[in-house]
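Asks: Residue 54 in full-length UniProt numbering sits at position 54 of the sequence shown, with consecutive numbering throughout.
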Amino acid sequence: MAASCLRPAPTASAQMMTRSPVAGLPRPCSALQRSGCTLQGAFGTFAPQTTRTFVVTWAKGGVMDAPTTTQQPASGVERSQKRPPIYKVLLHNDNYNKREYVVKVLLKVVEQITVDDAVTCMQEAHETGVALVVACPQDNAERYCEGLRLNGLTSTIEPGGC
Numbered sequence: 001m002a003a004s005c006l007r008p009a010p011t012a013s014a015q016m017m018t019r020s021p022v023a024g025l026p027r028p029c030s031a032l033q034r035s036g037c038t039l040q041g042a043f044g045t046f047a048p049q050t051t052r053t054f055v056v057t058w059a060k061g062g063v064m065d066a067p068t069t070t071q072q073p074a075s076g077v078e079r080s081q082k083r084p085p086i087y088k089v090l091l092h093n094d095n096y097n098k099r100e101y102v103v104k105v106l107l108k109v110v111e112q113i114t115v116d117d118a119v120t121c122m123q124e125a126h127e128t129g130v131a132l133v134v135a136c137p138q139d140n141a142e143r144y145c146e147g148l149r150l151n152g153l154t155s156t157i158e159p160g161g162c
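(1) Which residues in the same chain have their Cβ closer than 7 Å to the Cβ of alanine 118, if we skip the five residues on either side of it in sequence?
(2) Out of Ala141, Asn95, Lys82, Gly152, state which residue places its alpha-carbon closest to the alpha-carbon of glutamine 112.
(3) On the DSSP bridge list, what partners appear for histidine 92?
(4) For aspartate 94, is the beta carbon positioned less than 7 Å from some heavy atom of the ligand GTP?
(5) Taking the Cβ atom as the reference point for each residue, do leucine 90 and glutamate 146 lie within a distance shorter than 8 Å?
(6) Nearest to proline 85 by CA position, among Asp139, Tyr144, Leu150, Ser155, is which residue?
(7) Pull up the distance between the alpha-carbon of leucine 148 and that of serine 80, whole angstroms please.
(8) What residues match up with alanine 135 in a beta bridge as DSSP calls it?
(9) I need the straight-line Cα distance from proline 137 to glutamine 123, nearest angstrom please.
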């Protein structure tokens with residue numbers, strides 16, 4: 001008896017509803033059932049983004065909707081991200097720049113290119129008229145193309161990847 005006196009008095013809403021043993025859902029207590037109310041629940045699966053809706057129907061026919069709660073997806077859920085479109089940076093042959101200068105500019109502007117790749121690119125542009133420098137996302141391709149143009153080389157970009 002003494003222990004029950006130490007607990008605070010339950011609120012009106014706590015007297016009407018008790019906790020369900022299933023996933024912490026509210027369930028009607030005997031006081032709610034005696035008042036002529038019934039509790040109906042529509043449950044989804046117990047997976048992330050589950051929505052649970054409860055409707056209380058009064059004996060006189062009125063309906064009172066309880067708030068709907070939605071669970072957020074688990075933090076470990078991976079979302080697929082689209083890759084940016086790939087663009088080709090093309091170097092065109094010209095009769096004005098020396099081969100050594102073209103290699104030097106390629107090495108300066110395009111960070112990931114090696115000396116051998118720069119020489120091969122320059123030689124291909126000289127022999128065929130155009131050479132693929134690099135295939136990369138659009139923002140990088142525009143930056144490389146602009147850098148090559150600012151250094152006096154003829155360069156273009158076009159969509160398409162490897």
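C-beta: ideal position from N, C-alpha, C; glycine also.
Keep in mind that this is a model prediction, so the values were computed, not measured.
Replies: A quick look at the data gives this:
(1) The residue given as residue 118 occupies position 118 in the sequence shown. Here the set comprises Val103, Leu106, Leu107.
(2) Reading the sequence shown from its first residue, position 112 is the one you call residue 112. Ranking Ala141, Asn95, Lys82, Gly152 by Cα distance to glutamine 112 puts Ala141 first.
(3) As a first step, residue 92 must be located in the sequence shown, where it is residue number 92. Beta-bridge pairing links histidine 92 to Val130, Thr154.
(4) Absence of the ligand GTP is noted for the structure shown, with no ligands found whatsoever.
(5) Sequence index remark: in the sequence shown, residue 90 carries index 90 (1-based). Sequence index remark: in the sequence shown, residue 146 carries index 146 (1-based). Going by C-beta atoms, leucine 90 is not nearer than 8 Å to glutamate 146.
(6) Numbered from its first residue, the sequence shown carries residue 85 at position 85. Residue Asp139 is the option with its Cα nearest to proline 85.
(7) If you number the sequence shown from 1, residue 148 lands on position 148. If you number the sequence shown from 1, residue 80 lands on position 80. Cα-Cα distance, rounded: 34 Å.
(8) Numbered from 1 along the sequence shown, position 135 holds the residue referred to as residue 135. Paired residue(s): Lys88.
(9) Numbered from 1 along the sequence shown, position 137 holds the residue referred to as residue 137. Numbered from 1 along the sequence shown, position 123 holds the residue referred to as residue 123. Answer to the nearest angstrom: the Cα atoms are 25 Å apart.
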